[in-house]
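Student:
Structure, rendered in structure tokens:
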């Protein structure tokens, strides 16, 4: 069933208000780091990265506030991980393997929201952390490659902190809070599709309206979904890009109604709606055409979405048998997504790898954000009983 998120509810839950406070006394054992021998207790959460198949760009408020947006996306078995442990100091420590950076902050002072780790800092502050914590952040793909990694960070960390703080949050609420943190608090010029994709998981048709977001899971027959998965290919271009710069230009162009931008977004949205209808009917053969038409339209949204190298790679893939494709995410680099029947995939792979691209195998996934290891709370509760 579609899940509706009421805009007014969201506005009452601003992240700066720190709605999630320290637990009642029954939960205070969670703040007591465990000492002694044995392995350190740990909590590991993950959230999946996504492939946007159609509609990307219409999830920006500058467009959907006037016209309504629609995106069709699927999550894949490549994840962002959050590893959380207690430490013995009154400090928050955050390290990121992707950005090769480290942050240490005293709980006795106000957080500083800047730098590459501004996102986890804001989320930690939102939950009102009361004890020393160490967080390690890592992704299976490089950042800035078009698979929604920054928003997946937010979703995975919110999931981890909610479990740590014993706060029940639905998938909708996790996605909603991620949007509030990134868009409202940190003023990132991004859309909302990545947060909902990572939180819900699976193949979804997501509609964006001024009064809320509707998520419609698309449940295909097993054989049809397997064939759809088999016909999609991902190639890493070896380059990353700053999606905020590209999306910021698109946002400004939409707000000013620059010639051609709104019309291109209308086309992109129509591709998402048409693809949703075809998939429900059991037709996946049209996806290649939709990807190609969407890519042609997307090139009009902002400078930097494509360049001569990207155009060359895409045309080479088409000449080798791919029916359509696009650069994943905002554009400018990262991963090249292609739709190609199986009989042409070896040739496409050979052609692109000869030009320096690398194919990445993947599978669809449907689990969404989740905690996969949690000895932190279990051992803390045992300690609470022992010390009672």
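In the working numbering, the protein residues as written are 5 to 392. The beta carbon of each residue, even a glycine, is placed where N, CA and C say it ideally should be.
Kindly indicate which residue of 266, 229 and 344 has the alpha-carbon position closest to the one of residue 283.
Tutor: Looking at the Cα atoms, 229 is the closest of the given residues.
Student: What number of angstroms, rounded off, separates the C-alpha of residue 285 from the C-alpha of residue 146?
Tutor: Between residue 285 and residue 146, the C-alpha separation is close to 36 Å.
Student: Distance, Cα to Cα, residue 367 vs residue 294?
Tutor: Between residue 367 and residue 294, the C-alpha separation is close to 21 Å.
Student: Among 175, 149, 272 and 66, which one has its Cα closest to the Cα of residue 240?
Tutor: Among 175, 149, 272 and 66, the Cα nearest to that of residue 240 belongs to 149.
Student: For residue 40, name the three-state secondary structure that DSSP assigns.
Tutor: Residue placement at residue 40 cannot be trusted, given a pLDDT of 40 that sits under 50; the coordinates are not used to answer.
Student: For residue 138, which of 171, 309, 338 and 87 has the nearest alpha-carbon?
Tutor: That would be 87, whose Cα lies nearest to the Cα of residue 138.
Student: Should residue 288 go down as buried or exposed, given a rule of 16 or more other Cβ atoms within 10 Å for buried?
Tutor: Residue 288 comes out buried.
Student: Is residue 215 buried or exposed, if buried means 16 or more other CB atoms sit within 10 Å of its CB?
Tutor: So residue 215 counts as exposed.
Student: Hey, how far is the Cα of residue 167 from the Cα of residue 290?
Tutor: Spanning the two alpha carbons is a distance of roughly 41 Å.
Student: By the three-class DSSP mapping on this structure, what secondary structure does residue 327 have?
Tutor: Of the three classes helix, strand and coil, the one that applies to residue 327 here is coil, per DSSP.
Student: Considering only DSSP beta bridges, list what residue 213 is partnered with.
Tutor: According to DSSP, residue 213 bridges with 216.
Student: Kindly indicate the opening and closing residues of the beta strand (DSSP E) around residue 107.
Tutor: 105-110 is the extent of the beta strand (DSSP E) around residue 107.
Student: Among 199, 152 and 266, which one has its Cα closest to the Cα of residue 70?
Tutor: Selected option, being the one with the closest Cα: 266.
Student: What's the C-alpha gap between residue 104 and residue 141?
Tutor: C-alpha separation (whole angstroms): 10 Å.
Student: Rank 227, 123, 323 and 362 by C-alpha distance to the C-alpha of residue 181 and give the top, closest one.
Tutor: Residue 123 is the option with its Cα nearest to residue 181.
Student: Provide the residue(s) that pair with residue 54 in DSSP beta bridges, ordered along the chain.
Tutor: According to DSSP, which records beta bridges pairwise, residue 54 is partnered with 79.
Student: For residue 59, which of 358, 330, 339 and 98 has the nearest alpha-carbon?
Tutor: The shortest C-alpha separation from residue 59 is found at 330.
Student: When burial is assigned at 16 or more other CB atoms within 10 Å of the CB, is residue 296 buried or exposed?
Tutor: Residue 296 comes out buried.
Student: Between the beta-carbon of residue 84 and the beta-carbon of residue 202, is there less than 9 Å?
Tutor: Yes, they are a contact pair.
Student: Within 10 angstroms of its Cβ, does residue 316 collect 16 or more other Cβ (buried), or is it exposed?
Tutor: Residue 316 is exposed by the Cβ-count criterion.
Student: Who does residue 274 pair with in a DSSP beta bridge?
Tutor: DSSP output for residue 274 lists no bridge partner at all.
Student: Which one of 271, 304, 62 and 82 has the shortest CA to CA distance from residue 54?
Tutor: Comparing Cα positions, the closest option is 82.
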